[in-house]
Amino acid sequence: MAKRKADRTDDEIIDAIIRAHGIKTQAARIIGCSRSTLDEYIKTRPAVAGAYEEAHQILIDAAESVLFQKALIEKDGQSLRYLLDVKGRERGYGKTEHSVEVSGPGGGLVIYVPDDGSGPVDPA
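Numbering (our numbering), first residue to last: 139 to 262.
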């Protein structure tokens, strides 16, 4: 006979969360309940909530490690850009809410004149 909600101990729920690496659907399957019941355990049982948060952070850390490997070791440009967008915001990387439009006189093209005095560069 399946255990009722009240019969599950914190230790059983925590063990399922750890075994499922913080993935709620999998943890719920392990203990034989619905995901919403697991959410209720997490909301109402401080020890379970702490275990879930810890497992969740470990999962995120593992994903960041893979991203780090791809971005910096394998030199994957898309992964590197994502890493900078997310982790480098305080240094000015990432998407901003401001945009700047640059145009020449009357909304026309911008003419670039090199410092060496060689004259304007044709943008075409």
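The beta carbon of each residue, even a glycine, is placed where N, CA and C say it ideally should be.
**Request:** Could you check if Leu176 is buried or exposed, using at least 16 other CB atoms within 10 Å of its CB as the buried criterion?
**Result:** buried
**Prompt:** How big is the Cα-Cα spacing for Thr182 and Arg157?
**Reply:** 21 Å
**Request:** Quick one: grab the DSSP three-state call for Met139.
**Result:** Confidence at Met139 is low in this model, with a pLDDT of 48, below 50, so the placement of that residue should be treated as unreliable; the coordinate-derived value is given next. Coil.
**Item:** For Val248, the three-state DSSP class (helix, strand or coil)
**Value:** coil
**Request:** Tell me the start and end of each unbroken beta strand (DSSP E) in the stretch 146-197 that is at least 3 residues and wholly inside, in chain order.
**Result:** none
**Item:** Range covered by the alpha helix (DSSP H) that runs through Lys213
**Value:** Neither: Lys213 is in no alpha helix (DSSP H) and is coded neither H nor E.
**Item:** Nonlocal neighbours in the same chain, by C-beta distance under 6 Å from Ile155, ignoring five residues either side
**Value:** Ala165, Ala189, Tyr190 and Ala193
**Asked** Do Leu197 and His159 have their C-beta atoms within less than 8 Å of each other?
**Response** yes
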